[in-house]
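Using the working numbering, read the sequence shown as starting at 12 and increasing by one per residue. Where a beta carbon is used, it is the ideal one built from N, C-alpha and C, also for glycine. Presented below is the structure to which this report refers.
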Amino acid sequence: MLFNSLDFAFFLPLVFFLYWMVFRERLKLQNLLILLSSYVFYGWWDARFLLLIAFSTVVDYWVGLQLSKNEKVSTRKMFLWLSVLVNIGMLGYFKYANFFIENFIEAFAGLGVELPYSSLRIILPVGISFYTFQTLSYTIDVYRRKLEPTQDLIAFGAFVSFFPQLVAGPIERATHLLPQFYSHRKFTYDQAVSGLRQILWGFFKKLVIADNCAKYANLIFDNSSDYGGSTLVMGTILFAFQIYGDFSGYSDIAIGTARLFGFDLKQNFAYPYFSRDIAEFWRKWHISLSTWFRDYIYIPLGGSKANKAQTIRNVFIIFLVSGFWHGANWTFIAWGAVHALFFLPLLLFQRNRRYLTVVAENRIFPSFRDGLNMTITFVLTALAWIFFRAETLGQALDIFGGIFSKSILSIPEILPQKVLAYIVLFIMVEWWGRRQQFAIENIVTLKKSVRWICYLVLIMSIYFFGRFSQEIEFIYFQF
Numbered sequence: 012m013l014f015n016s017l018d019f020a021f022f023l024p025l026v027f028f029l030y031w032m033v034f035r036e037r038l039k040l041q042n043l044l045i046l047l048s049s050y051v052f053y054g055w056w057d058a059r060f061l062l063l064i065a066f067s068t069v070v071d072y073w074v075g076l077q078l079s080k081n082e083k084v085s086t087r088k089m090f091l092w093l094s095v096l097v098n099i100g101m102l103g104y105f106k107y108a109n110f111f112i113e114n115f116i117e118a119f120a121g122l123g124v125e126l127p128y129s130s131l132r133i134i135l136p137v138g139i140s141f142y143t144f145q146t147l148s149y150t151i152d153v154y155r156r157k158l159e160p161t162q163d164l165i166a167f168g169a170f171v172s173f174f175p176q177l178v179a180g181p182i183e184r185a186t187h188l189l190p191q192f193y194s195h196r197k198f199t200y201d202q203a204v205s206g207l208r209q210i211l212w213g214f215f216k217k218l219v220i221a222d223n224c225a226k227y228a229n230l231i232f233d234n235s236s237d238y239g240g241s242t243l244v245m246g247t248i249l250f251a252f253q254i255y256g257d258f259s260g261y262s263d264i265a266i267g268t269a270r271l272f273g274f275d276l277k278q279n280f281a282y283p284y285f286s287r288d289i290a291e292f293w294r295k296w297h298i299s300l301s302t303w304f305r306d307y308i309y310i311p312l313g314g315s316k317a318n319k320a321q322t323i324r325n326v327f328i329i330f331l332v333s334g335f336w337h338g339a340n341w342t343f344i345a346w347g348a349v350h351a352l353f354f355l356p357l358l359l360f361q362r363n364r365r366y367l368t369v370v371a372e373n374r375i376f377p378s379f380r381d382g383l384n385m386t387i388t389f390v391l392t393a394l395a396w397i398f399f400r401a402e403t404l405g406q407a408l409d410i411f412g413g414i415f416s417k418s419i420l421s422i423p424e425i426l427p428q429k430v431l432a433y434i435v436l437f438i439m440v441e442w443w444g445r446r447q448q449f450a451i452e453n454i455v456t457l458k459k460s461v462r463w464i465c466y467l468v469l470i471m472s473i474y475f476f477g478r479f480s481q482e483i484e485f486i487y488f489q490f
């Protein structure tokens with residue numbers, strides 16, 4: 012079920028009514044409702060894959076119980092590896108099986124050996140990269156004794172399948188979200204209004220910014236050989252705002268929806284395009300994933316406290332794994348490698364933690380230096396997005412060849428003025444709200460009449476300029 016669908020428009024109010032009006036003050040029934048509603052939400056797409064979520068849930072619930080019963084280190088490791096193998100095994104089969112088979116065949120073909128091959132007919136379950144990592148956080152933290160294993164299968168099942176963030180995050184840690192299923196939730200008007208406000212902003216990002224950018228970005232990238240450098244630059248900029256509006260928009264809708272039910276999800280984006288270097292960008296982009304890799308892979312490998320050679324190795328591992336997590340294509344691996352190259356000098360010269368505060372925190376406008384650094388960081392990030400968006404490495408390199416040619420000085424053949432105007436407006440609003448969890452959170456400080464005018468403008472913009480095509484899914488559904 013898509014957030015931007017009529018189905019969800021009926022689904023959410025119904026679940027909200029049952030949750031607060033029928034099952035109010037009855038915690039177990041509320042958790043059961045969330046569990047069943049989440050399975051309906053996910054099964055609306057393809058009910059067959061509910062078995063995968065159920066299987067992963069039961070396995071990790073059982074593993075957690077076994078970890079609590081055993082003190083022997085070797086036995087505990089065995090159960091942990093069982094959880095890892097089950098979850099990564101499912102992810103590997105559905106997401107990467109064809110990739111490995113095809114590259115294995117191509118390797119032998121390069122040696123002159125032709126092997127018989129037919130592609131496996133595998134459908135990638137939506138959200139499998141997200142919920143496998145979420146449930147893995149549970150078993151790893153139980154193994155590390157950071158979390159007591161749950162005895163409540165319903166609460167655990169609701170945690171794994173929680174519908175607002177099930178298919179595209181944020182990837183919640185068990186230490187943060189699971190305990191919320193144990194405590195009674197109380198409806199508060201201010202929390203609900205704040206959730207609706209964030210949902211509204213998320214829909215604006217998705218329908219007005221991302222989907223309008225997608226129309227032209229797709230046209231340019233799908234026909235990249237037909238356009239000159241300036242048009243390819245335009246396509247790159249449009250895709251940069253498409254993927255940000257699309258993914259952060261989903262996160263805003265998910266976090267706001269969770270707030271309607273009394274849950275707190277962690278911020279997943281913190282205005283990454285206002286970053287002053289790549290290190291800051293990665294602290295602000297897809298925060299739930301980057302911190303997951305940091306805590307469960309990078310730090311256990313030794314992080315930046317190892318010797319220089321090991322530190323370089325760790326950086327490349329974490330970025331290459333991050334790239335590969337996004338998709339079974341060499342383009343994603345190249346995208347991760349490029350970011351590793353961007354990040355490594357900052358780490359080696361110990362400049363990766365220069366910018367830990369909000370840019371221009373006590374000023375209306377950034378300093379010249381901050382403005383220049385933000386521009387450079389955005390340019391580097393946008394150029395790296397070319398690898399992310401291209402279908403093949405060859406196409407990505409051809410696009411770079413087109414950009415770094417004389418044709419970059421020409422007037423773009425595609426210049427969507429209305430979309431660019433909305434991007435400018437979007438940047439202004441994001442800059443105004445950069446100190447908040449989401450851009451229009453501090454709209455409550457405005458006069459009531461001004462506040463409602465702002466709401467009306469957003470709603471009318473979504474209605475008149477939003478693209479409501481069901482064919483434009485959220486980008487991260489494919490990951």
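Residues in the same chain with beta-carbon distance under 6 Å from TRP293, minus the five sequence neighbours each way, listed in chain order, please. SER301
Taking the alpha helix (DSSP H) that SER1 belongs to, which residues open and close that run?
Here the chain covers residues 12 to 490 and nothing more, so residue 1 does not appear.
Could you name each continuous alpha helix (DSSP H) segment of 4 residues or more that falls completely within the segment 269-306, going from the start of the chain to the end?
289-295 and 298-304
Any idea if LYS319 is buried or exposed, counting beta-carbon neighbours within 10 angstroms, 16 or more meaning buried?
exposed
*asked:* DSSP three-state label for VAL26, please.
replied: helix
Q) On the three-state DSSP scale, how would you describe TYR238? A) coil
- Span of the alpha helix (DSSP H), counted from its first residue to its last, around LYS157: First-last for LYS157: undefined, no H or E at that position.
| task | Measure the alpha-carbon distance for VAL370 versus TYR72 and round it to whole angstroms. | result | 43 Å
Touching by the beta-carbon criterion (3+ pairs, under 8 Å), the segment 248-262 and the segment 223-230: yes
Check your understanding: Taking the alpha-carbon positions, what's the TYR282 to PHE192 distance?
Key -> 29 Å
| query | Which class does ASP71 belong to by DSSP, given the choice of helix, strand or coil? | reply | helix
Discussion item. Quick check: the Cα distance between PHE376 and MET439, rounded to an integer number of angstroms?
Written reply: 11 Å
>> Distance check for ARG365 and PHE280, CA to CA, integer angstroms please.
In response: 19 Å
- [ ] Answer with buried or exposed for MET570, where buried requires no fewer than 16 other C-beta atoms within 10 angstroms of its C-beta.
- [x] The structure shown has nothing for residue 570, since the chain only spans 12 to 490.
What does the Cβ neighbour count give for TRP92, buried or exposed, with the cut at 16 atoms within 10 Å? exposed
Report task. Taking all protein chains shown into account, decide if GLN428 is buried (16 or more other Cβ within 10 angstroms of its Cβ) or exposed. Result -> exposed
Please say whether SER241 and LEU420 have beta carbons closer to each other than 9 Å?
yes
For ALA166, the first and last residue of its enclosing alpha helix (DSSP H): 164-172
For this session: Rounded to whole angstroms, what's the CA-CA distance from HIS297 to LEU23? Just pull it up for me.
Result: 25 Å
Whose CA, out of TYR487, LEU469 and ALA290, lies closest to the CA of PHE215? LEU469
Alpha helix (DSSP H) segment containing PRO456, residue limits:
Sequence inspection shows Thr at residue 456; the Pro mentioned does not correspond to that position. Neither: THR456 is in no alpha helix (DSSP H) and is coded neither H nor E.
Note down the Cα distance separating ARG362 from TRP56, rounded to an integer number of angstroms.
45 Å
Suppose you measure from the CA of ASN373 to the CA of PHE111; what does that come to, to the nearest Å? 51 Å
Our contact map puts VAL219 next to PHE476 with C-beta atoms below 8 Å; I'd like the distance itself, whole angstroms only.
5 Å
Among MET245, ALA345, ILE266 and PHE198, which residue has its Cα nearest to the Cα of GLY213? ILE266
Item checked: Given LEU177 as reference, the closest of ILE323, ILE451 and MET12 once Cα atoms are compared -> MET12
- Check THR86 in the structure and name its three-state DSSP category. helix
### Task
Flag this pair as yes or no: are the beta carbons of LEU38 and ARG196 separated by less than 9 Å?
yes
Please report the straight-line C-alpha distance between LEU43 and ILE165, rounded to a whole angstrom.
6 Å
What do you reckon, are the CB atoms on GLU183 and SER299 nearer than 9 Å?
yes
| Between PHE19 and VAL124, what straight-line distance do the alpha-carbon atoms span, to the nearest angstrom? | 51 Å
Review point. Taking the alpha helix (DSSP H) that ALA407 falls in, what are its first and last residues?
Key: 404-414
Alpha-carbon to alpha-carbon, GLY338 and ARG324: 22 Å
Do the segment 97-105 and the segment 128-142 touch if we need at least three Cβ pairs shorter than 8 Å? yes
Discussion item. Considering just the uninterrupted stretch of the alpha helix (DSSP H) at TRP442, what are its terminal residues?
Written reply: 428-443
Here's the rule I'm using: 16 or more other beta-carbon atoms within 10 Å means buried, otherwise exposed. How should ASN98 be labelled?
buried
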